[in-house]
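Residue numbers (my numbering), protein chains in the order written: chain A, 3 to 327; chain B, -11 to 306. Using N, Cα and C, we set each Cβ at its ideal position, and we do this for glycine too. Working notes, structure below.
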């Protein structure tokens, strides 16, 4: 480990998807990740939160090395992703693992649990014994491991499948585990179990975790730091606790206020800080401006950039959280 | 609870696959008072969907109703013939589903689908039907209903599609709306708007709603009365404030705890249970021997009704 570098560092990362006509003319550009910079420390639980279409899954796939970025730079342990993937893709895979949202469609239905677990170990030439496999299964709460090992995927529930994915991911001892909405397709009690499992593995193994989520409550419970993403941009970064308790960016505020509170005593009329008529994404200015109730003239003309407003807290807004300087 | 619009009595149902019987519901009784919002809370496999299907009489043919009655406005739904059932299904009882886009016809415009429903159930024609469609869409707080009317399902966002689906459900002037996970496929900012819309319709139109969900925070937002179902059995029921303030059943407590990202129950284990056992017993940290043998009786306790051995014998020490 090269301690002088953060585990992951992204500088002005961009990924655009272009729809082209038959003749190759670009007819539509989707800016899925647009000029995003951040770093993730060692032993950090970092969350990226946003709604569908915010670009959070694209970013997760880039971080996992599954998708190339167009511009900017991305470093793992101080080395460029592009170099790492070119030179030693396998080595990269041992360091970075990903878990997907849908444990039903991301598993090969014709391979048993045992084959599913063995595959990465064999590919990476790691020697293992039967009891190693059993230990891995036990460590993610899949028991009786002996019996589960010979099962086929359809014999597992959603929660068990997600545990199996986690088992496979951690069997390589990764430094970074990326979890793309790992619990959103699961039942609530199972969600809690999976999150506490991830938390326990984090405590035991000291890896960094990137959790992608749309749910502020999950973020607040699980993460150290959070980045709020809106249409390809980070609009706020800060400690999860702080952002949840006192969001600064109007979009963060909207997300927090939309989170249902599990208390029938306080259900009132919703008073969301949002304009309901949604226009199209503006070509210039702030992307959130059509939904923003605080917007001023400047928001339609000039795109705000992410600026530090206090120690470890950055916000991209012309109106809210304007720094003292 | 006086004048329930829907009353289910002692419903037991199994699915017969070959010679094997899979129990889906066991002695389920519940009651939905007119003008209330009742929530049925449970996770996948708990029997929620089977229960709605029994009410709507759209069970697959492997399903066998072993005993029980379902009364809707005094009529026993299970003994109605198909012709009479048609007057209730989709008309007196409407439904809203989890995934709105897939419940709309992709090759018909919103206008055609909405007007079809209005013509069928209300007997309105032409301009009158169109005006009613517009009125329903503006009731859904859709901006520019005229424009939405001419859109096709693929042009709608998830939230818009759900609003259109609710409008279609209301087109028949139903007396009961069954909402099956109406917001769990939506973004949180959209979810809260759809819920507040449902609440508004419930209050303004005095519409009775049976809400099916696994999410207690949705329940807290909108429901008056709660039934908690697990493994085909009702575990606990009561007033929403009591359920959240003083939950009795370990499963209810676990559901509440999981909202803060924690859980004390064991992961689901495979293996067979005695038919009479409490279905939650293998996951329950408070399970005693009796739980694996006999399903507990419902008891009144602290203003709630619960079926749990460990609560009965006062072992409730959490």
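Can you grab the Cα-Cα spacing for the pair residue i / residue j, in whole Å?
| i | j | result |
| --- | --- | --- |
| residue 71 of chain B | residue 243 of chain A | 58 Å |
| residue 327 of chain A | residue 226 of chain A | Caution is warranted here: a pLDDT of 45 is assigned to residue 327 of chain A, below 50, making its placement in the model unreliable, and the coordinate value is therefore given only provisionally. Looking at the two C-alpha atoms, the distance is approximately 27 Å. |
| residue 263 of chain B | residue 280 of chain B | 9 Å |
| residue 225 of chain B | residue 216 of chain B | 6 Å |
| residue 185 of chain B | residue 122 of chain B | 17 Å |
| residue 80 of chain B | residue 165 of chain B | 8 Å |
| residue 303 of chain B | residue 296 of chain B | With a pLDDT of 42 at residue 303 of chain B, under the threshold of 50, the modelled position of that residue is not reliable, and the figure given next carries that caveat. Their Cα atoms are separated by approximately 10 Å. |
| residue 162 of chain A | residue 146 of chain B | 29 Å |
| residue 53 of chain B | residue 157 of chain A | 27 Å |
| residue 26 of chain B | residue 254 of chain A | 32 Å |
| residue 257 of chain A | residue 116 of chain A | 41 Å |
| residue 102 of chain A | residue 171 of chain A | 11 Å |
| residue 199 of chain A | residue 64 of chain B | 47 Å |
| residue 180 of chain A | residue 74 of chain B | 50 Å |
| residue 21 of chain A | residue 272 of chain A | 38 Å |
| residue 230 of chain B | residue 180 of chain B | 23 Å |
| residue 184 of chain A | residue 29 of chain A | 34 Å |
| residue 104 of chain B | residue 111 of chain B | 10 Å |
| residue 93 of chain B | residue 101 of chain B | 8 Å |
By the three-class DSSP mapping on this structure, what secondary structure does residue i have?
| i | result |
| --- | --- |
| residue 261 of chain A | coil |
| residue 240 of chain A | strand |
| residue 260 of chain B | coil |
| residue 187 of chain A | coil |
| residue 101 of chain A | strand |
| residue 56 of chain A | coil |
| residue 326 of chain A | Because residue 326 of chain A sits at a pLDDT of 48, beneath the cut-off of 50, its placement in the model cannot be relied upon, and the following sentence gives the value as read from the coordinates. Residue state, collapsed to three classes: coil. |
| residue 138 of chain B | coil |
| residue 300 of chain A | helix |
| residue -7 of chain B | strand |
| residue 39 of chain A | strand |
| residue 34 of chain A | strand |
| residue 197 of chain B | strand |
| residue 222 of chain A | helix |
| residue 67 of chain A | coil |
| residue 81 of chain A | strand |
| residue 160 of chain A | helix |
| residue 66 of chain B | helix |
| residue 161 of chain B | coil |
| residue 96 of chain B | coil |
| residue 147 of chain B | helix |
| residue 31 of chain B | coil |
| residue 104 of chain B | helix |
According to DSSP, which residues form a beta bridge with residue i?
| i | result |
| --- | --- |
| residue 49 of chain A | A:213 and A:228 |
| residue 288 of chain B | B:293 |
| residue 83 of chain B | B:166 |
| residue 292 of chain A | Residue 292 of chain A is not bridged to any residue. |
| residue 22 of chain A | A:28 |
| residue 15 of chain A | A:38 |
| residue 312 of chain A | A:315 |
| residue 5 of chain B | B:8 |
| residue 0 of chain B | B:55 |
| residue 182 of chain A | A:214 |
| residue 307 of chain B | The structure shown has nothing for residue 307 of chain B, since chain B only spans -11 to 306. |
| residue 217 of chain B | B:222 |
| residue 60 of chain B | B:-6 and B:63 |
Are the C-beta atoms of residue i and some chain C residue less than 9 Å apart?
| i | result |
| --- | --- |
| residue 58 of chain A | Annotation note: the requested chain C is absent from the structure, which comprises protein chains A and B. |
Comparing the CB of residue i with every heavy atom of the ligand SAH, is any distance shorter than 8 Å?
| i | result |
| --- | --- |
| residue 17 of chain B | Ligands displayed in this structure: none; no statement on the ligand SAH is therefore possible. |
>> Along the stretch 247 to 271 of chain B, where does the CB come closer than 7 Å to a CB of chain A? Name the residues.
In response: Cβ contacts with chain A: 247, 248, 249, 250, 251, 253, 255 and 256.
> According to a CB-to-CB cut-off of less than 7 Å, which residues of the stretch 224 to 248 of chain A neighbour chain B?
Replying inline: Per Cβ criterion, the list reads 224.
>> Under 9 Å, CB to CB, which of the residues in the stretch 228 to 243 of chain B have a partner in chain A?
In response: Cβ contacts with chain A: 228, 229, 231, 232, 233, 239, 242 and 243.
>> Using a Cβ-Cβ cutoff of 8 Å, what residues of the stretch 188 to 212 of chain A are near chain B? List them in chain order.
In response: Across the stretch 188 to 212 of chain A, CB contacts with chain B closer than 8 Å involve 189, 190, 191, 192, 193, 194, 195, 197 and 198, in sequence order along the chain.
> On the three-pair Cβ rule with 8 Å, is the stretch 26 to 44 of chain B touching the stretch 177 to 193 of chain A?
Replying inline: Taking 8 Å as the limit for Cβ pairs, the verdict is that the stretch 177 to 193 of chain A does touch the stretch 26 to 44 of chain B.
> Relative to chain B, which residues along the stretch 35 to 69 of chain A have a C-beta separation below 8 Å, given in chain order?
Replying inline: Residues 53 and 54.
> For the stretch 22 to 33 of chain B, which residues have a CB atom closer than 7 Å to at least one CB atom of chain A, in sequence order?
Replying inline: Answer set for the stretch 22 to 33 of chain B: 31 and 32.
> Touch check for the stretch 141 to 155 of chain B and the stretch 84 to 100 of chain B: three-plus C-beta pairs under 8 Å?
Replying inline: Contact between the stretch 141 to 155 of chain B and the stretch 84 to 100 of chain B is present: 3 or more CB-CB pairs across the two stretches fall below 8 Å.
> When you check each C-beta in the stretch 255 to 266 of chain A against every C-beta of chain B, which residues fall closer than 9 Å?
Replying inline: Residues passing the 9 Å Cβ filter: 256, 257, 259, 260, 261, 262, 263, 264, 265 and 266.
> Of the residues that make up the stretch 194 to 207 of chain B, which ones have a beta carbon closer than 9 Å to any beta carbon in chain A?
Replying inline: Hits within the stretch, in order: 202, 203, 204, 205, 206 and 207.
> Does the count of Cβ pairs from the stretch -8 to 1 of chain B and the stretch 36 to 48 of chain B closer than 8 Å reach three?
Replying inline: Touching, per the Cβ criterion.
>> Taking 8 Å as the cut-off, does the stretch 39 to 54 of chain A touch the stretch 211 to 228 of chain A (at least 3 CB pairs, one atom from each stretch)?
In response: Taking a cut-off of 8 Å on C-beta distances, the stretch 211 to 228 of chain A touches the stretch 39 to 54 of chain A, as three or more cross pairs fall below it.
> What are the residues of the stretch -3 to 11 of chain B that lie near chain A, defined by any Cβ-Cβ distance shorter than 7 Å?
Replying inline: Within the stretch -3 to 11 of chain B, no residue qualifies.
> Taking contact to mean at least 3 C-beta pairs separated by less than 8 Å, is the stretch 113 to 127 of chain B in contact with the stretch 196 to 205 of chain B?
Replying inline: In this structure the stretch 113 to 127 of chain B does not touch the stretch 196 to 205 of chain B; the number of beta carbon pairs closer than 8 Å is below three.
>> Would you call the stretch 204 to 218 of chain B in contact with the stretch 230 to 240 of chain B, where contact means no fewer than 3 C-beta pairs closer than 8 Å?
In response: The stretch 204 to 218 of chain B makes contact with the stretch 230 to 240 of chain B; the number of CB pairs closer than 8 Å reaches 3 or more.
> Taking any Cβ of chain A, which residues in the stretch 139 to 155 of chain B have a Cβ under 9 Å from it, in chain order?
Replying inline: Listed by position, the residues of the stretch 139 to 155 of chain B near chain A (Cβ gap below 9 Å) are 145 and 146.
> When Cβ atoms are compared, which residues of the stretch 159 to 177 of chain A fall closer than 9 Å to chain B?
Replying inline: If the cut-off is 9 Å between Cβ atoms, the stretch 159 to 177 of chain A has 159, 160, 161, 162 and 165 near chain B.
> At a cut of 8 Å, does the stretch 131 to 150 of chain B reach the stretch 9 to 17 of chain B through at least three beta carbon pairs?
Replying inline: A contact is defined here as three or more CB-CB pairs under 8 Å, and the stretch 131 to 150 of chain B fails this definition with respect to the stretch 9 to 17 of chain B.
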